[in-house]
Amino acid sequence: MLQSIGVANIDELFDEIPDSVPVANFRAIESSLTEMEMVYRLAESAKQDELGSCFLGAGSYDHHIPAAVWDLATRGEFLTAYTPYQAEASQGTLQLLYEFQTMMASLAGLDVANASVYDGGSGLGEAILMAVRSNRRARNRKIVIGGAVNPFYLKTANTLVRNQGIELVDVPHENGVFDPKQCPIDDPNVVVVQQPNFFGLLENVDAISNWVNERNALLIAVVNPLTLAVLKPPGEWGESGADICSGDGQPLGVPMASGGPSFGFLCSKMKHVRQMPGRIVGKTVDANGDVGYTLTLQAREQHIRRAKATSNICTNQGLLVTAATIYMSIMGVSGLRNTASRCHENTKYLVAQLEATGRAQRAFHSPYFHECVLRCAGDVAALTKSMITDHGVLAGYPLGEIDESLDDCLLLCATEKRTRDEIDRFVELFNRILNEG
Amino acid sequence: MPTIPSIFDTSKPGRLAGGQTPKEGDLTGLPDALLRESKPVLPEVSELQAVRHFTKLSQQNFSIDGNFYPLGSCTMKYNPRGAHRAASQPGFLNRHPLTPAFASQGLLSCFWELQETLKTVTGMEAVSLVPMAGAQGELAGGLMIRAYHEDCGDFERDEILVPTAAHGTNPATATMCGYKTREIGVAADGDVDIEDLKRVVGPKTAGIMLTNPSTCAVFERRILEIADTVHDAGGLLYYDGANLNAILGKVCPGDMGFDVLHLNLHKTFATPHGGGGPGAGPVAVNSLLQPYLPIPMVGKLDDEYIWLDESYCPLTIGKLAAFMGNAGILIRALAYALMLGREGMVRVAEYATLNANYLAAELSKAGFQLAYPTRRATHEFLITLNKEAKDLGVRALDFAKRLLDFDMHAPTTYFPLLVPECFLIEPTETETKAVLDEFVSAMCKIREEAQENAEYVKQAPHNQVVRRLDEVRAARELDLNWSGNKE
Chain A
0 MLQSIGVANI DELFDEIPDS VPVANFRAIE SSLTEMEMVY RLAESAKQDE LGSCFLGAGS
60 YDHHIPAAVW DLATRGEFLT AYTPYQAEAS QGTLQLLYEF QTMMASLAGL DVANASVYDG
120 GSGLGEAILM AVRSNRRARN RKIVIGGAVN PFYLKTANTL VRNQGIELVD VPHENGVFDP
180 KQCPIDDPNV VVVQQPNFFG LLENVDAISN WVNERNALLI AVVNPLTLAV LKPPGEWGES
240 GADICSGDGQ PLGVPMASGG PSFGFLCSKM KHVRQMPGRI VGKTVDANGD VGYTLTLQAR
300 EQHIRRAKAT SNICTNQGLL VTAATIYMSI MGVSGLRNTA SRCHENTKYL VAQLEATGRA
360 QRAFHSPYFH ECVLRCAGDV AALTKSMITD HGVLAGYPLG EIDESLDDCL LLCATEKRTR
420 DEIDRFVELF NRILNEG
Chain B
0 MPTIPSIFDT SKPGRLAGGQ TPKEGDLTGL PDALLRESKP VLPEVSELQA VRHFTKLSQQ
60 NFSIDGNFYP LGSCTMKYNP RGAHRAASQP GFLNRHPLTP AFASQGLLSC FWELQETLKT
120 VTGMEAVSLV PMAGAQGELA GGLMIRAYHE DCGDFERDEI LVPTAAHGTN PATATMCGYK
180 TREIGVAADG DVDIEDLKRV VGPKTAGIML TNPSTCAVFE RRILEIADTV HDAGGLLYYD
240 GANLNAILGK VCPGDMGFDV LHLNLHKTFA TPHGGGGPGA GPVAVNSLLQ PYLPIPMVGK
300 LDDEYIWLDE SYCPLTIGKL AAFMGNAGIL IRALAYALML GREGMVRVAE YATLNANYLA
360 AELSKAGFQL AYPTRRATHE FLITLNKEAK DLGVRALDFA KRLLDFDMHA PTTYFPLLVP
420 ECFLIEPTET ETKAVLDEFV SAMCKIREEA QENAEYVKQA PHNQVVRRLD EVRAARELDL
480 NWSGNKE
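Chains as they are written, first to last, in numbering that gives the first Met the number 0: chain A, 0 to 436; chain B, 0 to 486.
Here it is, written out as structure tokens:
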């Protein structure tokens, strides 16, 4: 090969790198490991972090994933394929994405879905940018954040939007939920509301949607896609529905895996589609008139539109969308519906049992879905620590970490995976630890 | 291969995967007005039907596991399965993202190790692993550049310079950071036009975004002079790490005058592309920009690993993800780095460069026109099919589509825009000489076909599941989701 190139050795191939640039020094990096040694070492690290029952949600949920989902998603043909720019060589991924868009848009009750953004947090940022571009009539760039929207999403969205002159205005919750009457801004450009909200509570979405609509603002719904099998979809909220819906797809067949990779999704009414960021797949025909699929509306994207693109997003979360599409297909209407309703029933049981100990009480009284805030009689931080250290149990999210007025509150979740025995044991531990504390 | 019916077409109301349907839960007590009435369009199929459907779909994809993928600027190299195995340990997969640090020492130790490795690899002072793709890394970099200037009380700088040949994400990122993009020319030899740079750079310059090797697939020889020019004007240098594979273990971006960069772990560190992601785009910076890195990062306090959040990093640009970005991809990259080790990393750049130079030499001997024939190929190179387009009426697009029929993925086409009818070809270090030779044969064969019957090549592909697709129609008559009624 060197002979064909016309050089004596490999070093010559780097002769255009000027001598004034120092040679890299990699001495600090270890010598190579075999696969066996590497897996052994990382497995030891992983083992160190293994825990038991999870009663923690707050944006990441411990659901069952059918074995077939990841067996299929990690087939080399899905796992090691590139972005489907060469459509004729990527019909598998493209058709799958088209099916995903169909399922996602339908769950949201909206017209279109894109092929994913990074996660729920950055997805909210993209949704806000999209809404601001879409609502040209607006006189300001104020975004109303209605009550208890996921605080991690808000911090992320703020990083993404604040250099474009966009201001996020937090409207504090009233007894856990958003009350438009308390909103200090009467002419918002965009309103964001989450259903179920960060506290697990159900917002009065019809009234909120109408309030937003009367002000010619756009409504962004942040949702947990699994709950949409049971809850009214954003497209059907109030008279005219939400305009844009975003969220994190983790509950749809993606392991918690420390928060990533999962995927963000964006759905909208058709009239906003040209402001949508990210990839979108369309159905078309080939030269013979047969059905085929291809990326479409690419004139919105960075590789064509450059500085005027709707976003700089390029690589997204394709493999997670693959898993979610397979998950939704295997679960189907009944599977998703029953999983969602079972989560609700399990959480309701957990809450009732904890309240029965007399050491915990619901902090808010609106209906909740599969997460609930409990005010606890005792030191919440010590409780969660002891639960992990002594019993390997994740006891919920101590809300004091985000709001001092809630420092005796825990946000708890019991998914369909939690058995009655696990819940009963948890309640017993909860009672005992607070008793001793 | 026949077209596969959509999964909705095989669906039948009421059918379900019984083993996957939990017992229904009790919803009484929830207000009716908040419940769903419409039935969502979801498949109603058996588990086997779903398994078969998606198996068949997978078989309609090209992939690295099945095909040569010489996609320039994308580094489609082999993705070792061991890395996937390592990241799939239950302790990693089942970890809730809000588990406190004291119960996550295993994971945090891995992130710490990866941060340290990437510091060495880039020659930089500090690393944040959070960005979830290259474009998000670029965004983080742009925001850090902005935060730095603003902290210096310098609010006049509102321009980011990019070469005309830059990746589309560069100008798109500049816009998202609230900057204007100003383009600088590329000289005839593929290097940045320094005279043009000197004309454009000034007190409005916030920074410059560069790839090195450049998007013209050559090493930017006057990089130190570019760095001095931009620094002298008060601007900063951003390194787009898309092409890091070319210099891994040879030289470090930190030694070329760059202040901030991102790496594409799904390129250089071989994490799978997954049909369009997930990626990971960690950022590395020198000491000037260290205070602004996105959170969280992993720190070490005595012998304990801790999360570095706002309380440790008050000047941070903030969060870019709800949690810790694409954690699982970071584990895969660490696994790959461990298996390569320091000696393997140098081999990456050497073999990638050897393969690219060999393929360039062979294509040139076969009569194809290199875009920069006087230059050394890096890990990739550009050819122009302008002559073929003029003489035979067969364009780069046609060559690309016909290559699919030879079971090879097409190289990157029509990028960068300044080279007409171009292929950007990156064979990567994991391909054998035999595969490279097959590619040359396929290119020659296609040219022969074009000489005999141009129309045949222009109608390619012929042997794929579909013929050439009508993209104009896809955009004009938007059909973005299935609806049974419209068939």
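Ideal Cβ positions, reconstructed from N, Cα and C, are used throughout, including at glycine. Note that this is a predicted model, so its numbers are computed, not measured.
Chain B contact for residue 95(A) (CB, 7 Å cutoff): Cβ-Cβ to chain B under 7 Å: yes for residue 95(A).
Buried or exposed, going by whether 16 or more other CB atoms sit within 10 Å of the CB of residue 440(B)? By the neighbour-count rule (16 or more Cβ atoms within 10 Å), residue 440(B) is not buried but exposed.
Mapping DSSP to helix, strand and coil, what is residue 250(A)? The three-state secondary structure of residue 250(A), taken from DSSP, is coil.
At what residues does the beta strand (DSSP E) containing residue 268(A) begin and finish? From DSSP, residue 268(A) is part of no beta strand (DSSP E); its letter is neither H nor E.
According to the Cβ coordinates, are residue 355(B) and residue 410(B) closer than 7 Å? Contact flag unset, no.
Buried or exposed by the 16-neighbour rule on C-beta atoms within 10 Å, applied to residue 364(A): Note on residue 364(A): under 16 other CB atoms within 10 angstroms of its CB, so exposed under the neighbour-count rule.
Short of 8 Å in beta carbon distance, which residues of its chain neighbour residue 195(B), apart from the five on each side in sequence? Order them along the chain. Correct list, in chain order: 183 and 184.
So what does residue 53(B) bridge to, in DSSP terms? In the DSSP output, where bridge partners are listed per residue, residue 53(B) has none listed.
For a cutoff of 7 Å on Cβ pairs, would you count residue 175(A) as touching chain B? Not an interface residue.
Pull up the DSSP beta-bridge partners for residue 283(A), would you. 291(A).
By the three-class DSSP mapping on this structure, what secondary structure does residue 370(A) have? When secondary structure is reduced to three states using DSSP, residue 370(A) falls in the strand class.
Any Cβ of chain B within less than 7 Å of the Cβ of residue 426(A)? So no, residue 426(A) is outside the interface.
Cβ-based neighbour list, residue 56(B), same chain, cut-off 8 Å, excluding 5 preceding and 5 following: Excluding sequence neighbours, residue 56(B) sits near 3.
Does residue 481(B) get closer than 7 Å to chain A when you measure Cβ to Cβ? So, interface residue.
Ignore the nearest five residues each way along the sequence and tell me which others in residue 362(B)'s own chain have a CB closer than 7 Å to its CB. If you ignore the 5 residues before and after residue 362(B), its C-beta comes within less than 7 Å of the C-beta of 382, 439 and 442, all in its own chain and listed in chain order.
Against residue 202(B), what residues of chain A qualify as contacts under a CB-to-CB distance less than 9 Å, listed in chain order? Ordered by position in chain A, no residue passes the 9 Å Cβ test against residue 202(B), which lies about 20 Å from the chain.
Residue 291(B) and residue 147(B) look like a contact to me (Cβ under 8 Å); what is the Cβ gap, rounded to whole Å? 6 Å between Cβ atoms; contact.
Own chain partners of residue 401(B) with C-beta closer than 6 Å, once the 5 adjacent residues on each side are dropped: Around residue 401(B): 445, 456 and 459.
Per-residue DSSP class, three states only, for residue 218(B): If DSSP states are grouped into helix, strand and coil, residue 218(B) belongs with coil.
DSSP state of residue 298(A) mapped onto helix, strand, coil: Note: residue 298(A) maps to helix in three-state DSSP.
Residue 367(B) burial status per 10 Å Cβ neighbour count (16 or more: buried): With 16 or more other Cβ atoms from the protein chains shown falling within 10 Å of its own Cβ, residue 367(B) counts as buried.
I'd like to check one pair, residue 261(A) with residue 318(A): are the Cβ atoms closer than 7 Å? With respect to the 7 Å criterion, residue 318(A) and residue 261(A) are not classified as neighbours on the basis of their beta carbons.
Please report how far the alpha carbon of residue 127(B) lies from the alpha carbon of residue 396(B), in whole angstroms. Cα-Cα distance, rounded: 39 Å.
With 7 Å set as the bound, which would you pick, yes or no: does the beta-carbon of residue 62(B) sit closer than that to a beta-carbon of chain A? At least one chain A Cβ lies under 7 Å of residue 62(B).
Residue from 295(B), 233(B), 312(B) and 451(B) whose Cα sits closest to the Cα of residue 110(B): Comparing Cα-Cα distances from residue 110(B) to each of 295(B), 233(B), 312(B) and 451(B), the minimum goes to 295(B).
For residue 484(B), does the count of other Cβ atoms within 10 angstroms reach 16, so buried, or fall short, so exposed? Any reading at residue 484(B) needs caution, since the residue's pLDDT is 47, under 50, leaving its predicted position unreliable; the model's value is listed next. Looking at its Cβ environment, which holds fewer than 16 other Cβ atoms inside 10 Å, residue 484(B) is exposed.
As assigned by DSSP and simplified to three states, the class of residue 66(A): Residue state for residue 66(A) is assigned as helix, using DSSP reduced to three classes.
Starting from residue 19(B), find everything on chain A with Cβ-Cβ shorter than 7 Å and list it in chain order. Counting only Cβ-Cβ distances below 7 Å, residue 19(B) has contacts in chain A at 65, 329, 330 and 334, in chain order.
May I ask you to verify whether the region 279-286 of chain B touches the region 117-137 of chain B, counting CB pairs closer than 8 Å and requiring at least 3? In this structure the region 279-286 of chain B touches the region 117-137 of chain B; the number of beta carbon pairs closer than 8 Å is three or more.
For residue 109(A), is the classification buried or exposed, using 16 other Cβ atoms within 10 angstroms of its Cβ as the cut-off for buried? It is buried - the Cβ of residue 109(A) has at least 16 other Cβ atoms within 10 Å.
When 391(B), 215(B) and 469(B) are compared against residue 447(B), the one with the closest alpha-carbon: The shortest Cα separation from residue 447(B) among 391(B), 215(B) and 469(B) belongs to 391(B).
Delimiting residues of the alpha helix (DSSP H) encompassing residue 84(B): Element bounds for residue 84(B): 80-86.
Quick one: does residue 326(A) have its CB under 7 Å from some CB of chain B? Chain B contact via Cβ: absent.
Taking the alpha-carbon of residue 366(A) as reference, which of 376(A), 428(A), 195(A) and 308(A) has the nearest alpha-carbon? Per the C-alpha coordinates, the member of 376(A), 428(A), 195(A) and 308(A) positioned closest to residue 366(A) is 195(A).
Can you say whether residue 436(A) is buried or exposed, counting buried as having 16 or more other CB atoms within 10 angstroms of its CB? Exposed: under 16 other Cβ atoms inside 10 Å.
Would residue 315(A) count as contacting chain B if we go by Cβ distances under 7 Å? With respect to chain B, the C-beta atom of residue 315(A) has a partner C-beta closer than 7 Å.
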